[in-house]
Each structure stands twice: as C-alpha cells, then as structure tokens.
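*Asks:* Provided herewith is a single structure, encoded as structure tokens, for subsequent inquiry.
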Amino acid sequence: MATDIQDLLAFVAVVNAGGFREGARMSGKSASSLSDAVRRTESRLGVRLLNRTTRSVVPTEAGARLMERIVPALGEVEAAMDVVNDFRDRPSGTLRLNVPVSAARLVLPALITPFLQSYPDIRLEVIAEESFVDMLAAGCDAGIRYDERLEQDMIALPIGPRFQRFATAASPAYLDAWGRPEHPRDLLKHACLRGKFPSGAMPLWEYERDGETISVDPSGPLIVRIGGAVDLSVQAAVDGLGIVYLFEDWLRPYLDSGALEPVLEPWWQRFTGPFLYYPGRRYLPSPLRAFVDFINAQRYGSESVREDVGTANRPAS
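So the sequence shown is numbered by the UniProt record's numbering: it starts at 1 and just counts up by one.
Structure follows, in structure tokens:
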C-alpha cells in the first residue's frame, strides 16, 4: 500500500513537535497541510495514528509503533541522499571511457595522470577498441571518436590535438632497394603494410595536395587488425618489409630517430582531431562532469562544446 514519504515526514513532524501548530512552525508548512497529510496516511493504513484533543496531540499505540520503525528508516533515506550529494559536491566513483586505440595511445597519456591527481576519488576505466559500439549500451559514460564516427544527438567536446595527419613511411633500406614513390599511385607498385577493422573493412590510403584528393588501395605482405596489432606493421616497416600508413604522431619517434623515412610527405592528409562525446548536459555523473571540466580547462584548441557535429576525413589506418 503506497504512502507518500512527504505525508510520513508530516506525521513525524507533528509527533516530534507535540502538535500541528508547533509542527507547522518547525517544518515551515501550514498546520492544515500537516493535518491533511496525517489524515491521508491514516486513511491509507486504515488505523488512527494520533489522538487529538484541544490541548494535545499524542500518538496512538499504532502511531507509536510506526514512529519506532519510520524514524530510523527516514534516517537511512537521508543518509542515502547525503551519499548522492557527495557525488555531486566531491566527484567520486568510476568514469568509463570507450576510445579507439589511437586515442588511448596518442591523446589520453597526457591527460590521465593530471586528471586523476586532481580527482583522487575518481577511478578511470578505459576500454580501447576499434568496433563502432553503442557507447551507452556498452556501459560507458563517454567516448572518444572522430567527427565521422560521432553518434547523433551527442555533445561533442574537442580533446587532444585539433588537427592530425596520416603519414606514410618506410625504412631507408627499403626505399634504397625499391625506390622512393613520387606520387600516391606509385604505391601500387610497392609492398604496403595494411590495416583492417574488426568489421573486415580495409580502409583506403588517402592523400591530398593542392586541392587534389587521391585514394589508393595498395597490396602487400602484411595485414594487421587496426588497434592492438598496429605496432606489428610499424616494426615490419622498420625491418624493411614495406611501407606503413599511420597517424603521424604514432610514427613520429621512428621518423625522428631515422628508423623510418617520410614517404610522400607533401601529400599527407590533414584531418580534424578527436572529440569527447557524451549524452546531454544535465545531471551528468560527477566523474564525467569533472572530466568535462578538466578537458575544458586544458584549453585544447579554440573550439568550445558544440552540439552540431560536422564531418571530416575519416581517420583510419
């Protein structure tokens, strides 16, 4: 039998105050509203809870029994509300992010340590995968994706470098032996190290220069799953097995050390960097709200939170 908790609170206020008038003064409600609440409770329960006289209001035996049980229960409710308030006022709990492996490698390392140092009561769980999963259905609070992969009706917040490039590279030994491509179509005559999504799709290699965009579908001796196996293709390129196509930032240490040499650098395609995306603005879980505030404070790029997500060239290996 359902009873409104506000009516129970009114009953407790009257008993504790010893009357409707004093209960109204202490609770900030009118005496008539307290009286109505008690009557509703008695009607729902089918028993009298208070004995009323012109001089006093005291609980019946049933009312006294109810007070014995309801006061501790209401205390538990108040304690539970305090726990929720702690989540609001002092961010704590678990934040789950669904991100591509590239973001886990190239974007999050610079953010995780300072974020967790700033919010020691938050635990961060990162799920890195390349499948286009439903972030919410997967039990995550937010995700990192590039423009073309953003779900509709999501808030998008720039995170990490605002622009990135795809780079093509090979070892000097390979290029000395097989020649240096001068045009993207020359790649069709070379051994190229390819990547494949979990869906089986194998993205084309895309290039752009002076307004001309070219996509090529080269072949080669090695195909790796985009994500966790990409380092195999990088090592194969360093070993002289062929040409690799990957995020410039991923290849940068090898380019700087000379282990890999840039290939077709004037054609490297530039694309918009990733976004943190999450549903809605109101009542965000406190760990997510803290992360959003933290990212905003980092001042990555000049863009602010936006609601209309555009499109950019697809970033894929």
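Ideal Cβ placement from N, Cα and C applies to all residues, glycine included.
Go ahead and pull the three-state DSSP assignment for G63.
*Replies:* If DSSP states are grouped into helix, strand and coil, G63 belongs with the helices.
*Asks:* Would you give the residue range spanned by the alpha helix (DSSP H) that A103 belongs to?
*Replies:* Note, A103: alpha helix (DSSP H), V101 to L106.
*Asks:* In chain order, what residues of the same chain lie with their CB nearer than 8 Å to the CB of residue 318, ignoring the 5 residues before and after it?
*Replies:* No statement about residue 318 is possible, as the shown extent of the chain runs from 1 to 317 and does not include it.
*Asks:* Output yes or no for whether 8 Å exceeds the beta carbon distance between R194 and M202.
*Replies:* In this structure, M202 lies closer than 8 Å to R194 by Cβ.
*Asks:* Measuring only the C-alpha atoms, how far is F11 from V38?
*Replies:* Cα to Cα, the separation comes out at about 6 Å.
*Asks:* Closer than 7 Å by C-beta to V238: which residues in its own chain qualify, once you throw out the five before and the five after it? Chain order, please.
*Replies:* So the qualifying residues of the chain are S171, Y254, A259 and L260.
*Asks:* Which partner residues does N16 have in the DSSP bridge list?
*Replies:* Answer by DSSP bridge pairing: none, since N16 is not bridged.
*Asks:* According to DSSP, is I295 helix, strand or coil?
*Replies:* In this structure, I295 counts as helix in the three-state DSSP scheme.
*Asks:* Starting from P181 and walking both ways along the beta strand (DSSP E), at which residues does that stretch end?
*Replies:* It is not in any beta strand (DSSP E) - P181 carries neither H nor E in the DSSP assignment.
*Asks:* Output needed for L116: all residues of its chain with C-beta closer than 8 Å, excluding positions within five of it in sequence on either side, in chain order.
*Replies:* Closer than 8 Å at Cβ, skipping near neighbours: I122 and L124.
*Asks:* Are there three or more Cβ pairs, one per stretch, closer than 8 Å when the stretch 184-192 is compared with the stretch 210-229?
*Replies:* Result yes; three or more Cβ-Cβ pairs closer than 8 Å.
*Asks:* Measuring straight from C-alpha to C-alpha, what distance separates G280 and A156?
*Replies:* Those two C-alpha atoms are separated by around 10 Å.
*Asks:* Measure the alpha-carbon distance for R294 versus R270 and round it to whole angstroms.
*Replies:* According to the sequence provided, residue 294 is Phe. The question's Arg does not apply to it. C-alpha separation (whole angstroms): 27 Å.
*Asks:* By DSSP, does F11 sit in helix, in strand, or in coil?
*Replies:* It is helical.
*Asks:* Within 10 Å of its beta-carbon, does S233 have 16 or more other beta-carbons around it, so buried, or fewer, so exposed?
*Replies:* Burial call: buried.
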